[in-house]
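K.L.:
Okay, so the sequence shown: first residue is 33 according to this note's numbering, each after it adds one.
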Amino acid sequence: MRACDSVKRLFAPGCGLSLYKPHLAEKLHAALAAGVEPMALFSTCCRHVPPLAAGTQMVNVCPGCDRRYRENYRESTTVSAWELLAAGSFFPFPDYPGRRMSINDACPTRSETRVHEAVRELLRRMNITLVEPRLTRTTGACCGDSLWGNAPTPAVVAAMRKRASQMPAEEVVVYCVSCAKAMFLGGRQPRHLVDLLFGEETVPGTLGPDLWHRELDAYVARHTGDKIRPEFISDAGPNLKP
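1) Check His224 in the structure and name its three-state DSSP category.
2) Pull up the DSSP beta-bridge partners for Trp180, would you.
3) Report buried or exposed for Arg100, applying the criterion of at least 16 other Cβ atoms within 10 angstroms of its Cβ.
4) Express the C-alpha separation of Leu239 and Ala201 in angstroms, rounding to a whole number.
5) Buried or exposed for Pro82, please, with buried defined as at least 16 other CB atoms from any protein chain shown within 10 angstroms of its CB.
6) Taking only three categories from DSSP, how would you classify Leu162?
7) Would Met133 and Val163 qualify as a contact pair, given that the criterion is a beta-carbon distance under 8 Å?
8) Going by DSSP in three states, Arg106 sits in which element: helix, strand or coil?
9) Using only CA atoms, which one of Pro124, Lys194, Leu167 and Cys47 lies nearest to Asp137?
10) Go to Lys40, then tell me how far its beta strand (DSSP E) extends in each direction, as first and last residue.
11) Are the segment 69-82 and the segment 40-59 touching by the rule of at least three beta carbon pairs closer than 8 Å?
12) Among Met90, Val226, Phe216 and Gly87, which has the Cα closest to the Cα of Glu58?
13) Would you mind listing the alpha helix (DSSP H) stretches within the segment 56-104 that are 4+ residues and don't spill past its ends, in chain order?
14) What's the gap between the Cα of Pro241 and the Cα of Val68?
15) With Leu117 and Leu154 assumed to form a contact (beta carbons below 8 Å), what rounded beta-carbon distance in angstroms separates them?
16) When the distance is taken between beta carbons, is Val91 closer than 8 Å to Leu49?
17) With 16 other CB atoms within 10 Å as the buried threshold, where does Pro95 fall?
18) Could you round the C-beta distance between Tyr207 and Met158 to whole angstroms and report it? I think they count as a contact, below 8 Å.
19) Hey, would you say Asp98 sits closer than 8 Å to Thr145, going by beta carbons?
20) Apply the 10 Å Cβ neighbour rule to Pro124 and answer buried if 16 or more other Cβ atoms are within range, or exposed otherwise.
21) With Leu56 and Phe230 assumed to form a contact (beta carbons below 8 Å), what rounded beta-carbon distance in angstroms separates them?
22) I believe Gln221 touches Val204 by the beta-carbon criterion, under 8 Å. Please report the beta-carbon distance rounded to the nearest angstrom.
23) Within 10 Å of its beta-carbon, does Lys259 have 16 or more other beta-carbons around it, so buried, or fewer, so exposed?
So this is what it looks like as structure tokens:
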């Protein structure tokens, strides 16, 4: 699959994946650049105002990035990496011979059936037997992480345990790093989609909502405008949180 020459694409791995496993962010970037078209790395956090040229398409990995690029930056468009992988035939998918897994769809993409379909197509190509929870896709329930900052930490963890308990399988596919941490805290074994694609185990990393969000916020604050090719810079104004 080759992209339209008129579309300028930027690969935005998102802060979560860049903190969790930067080497997999690099491998995914390389795979998309080789299989779709060359695209620059964009590591300005989407919570700031990114300096995007009109017409740029952001290739996202993080569901939160998908929502912010979709809703906040009207002169650009966004597409998930999962959609590009599902639409092409260039990626060497590993085989998980019928392994039984559940899935937790991330809140920011709850309305986005295009993302749900693409993720499930990738699981099908990896020969994963998907056992959907009762609340899934557009009727999915939050993993609990979105409560952080609005409820006491014990209540956040309790919500994570509740959502994890609704999963019919021990292994749970996620495509959000915060969802992975929620499943760990809830007693399930998450399998991040990027880990599945590259044959790696999903590991806890920084656990505990307070510690994780402190680390994430520090990363967000540091990434306000680095690694952007000059031809993609426009006069987008100062870095402001939407």
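We treat Cβ as the ideally placed atom computed from N, Cα and C, and that holds for glycine.
Owing to the predicted nature of the structure, the values given are computational and were not obtained by experimental measurement.
P.N.:
The structure says:
1) Three-state result, His224: strand.
2) Ala183
3) That one is buried.
4) 22 Å
5) buried
6) strand
7) Taking 8 Å as the cut-off, the beta carbon of Met133 is found closer than this to the beta carbon of Val163.
8) Three-state result, Arg106: coil.
9) Leu167
10) Where Lys40 is concerned, the enclosing beta strand (DSSP E) stretches over Lys40 to Ala44.
11) yes
12) Val226
13) 95-103
14) Answer to the nearest angstrom: the Cα atoms are 36 Å apart.
15) With 8 Å as the limit, Leu117 and Leu154 qualify as a contact, their Cβ atoms being about 6 Å apart.
16) no
17) Pro95 comes out buried.
18) About 13 Å; that fails the 8 Å criterion.
19) no
20) Exposure of Pro124 is indicated by the presence of fewer than 16 other C-beta atoms within 10 angstroms of its C-beta.
21) 6 Å
22) Sure, about 7 Å apart at Cβ, within 8 Å.
23) Low per-residue confidence applies at Lys259: pLDDT is 48, beneath 50, and the placement is therefore not dependable enough to give any value.
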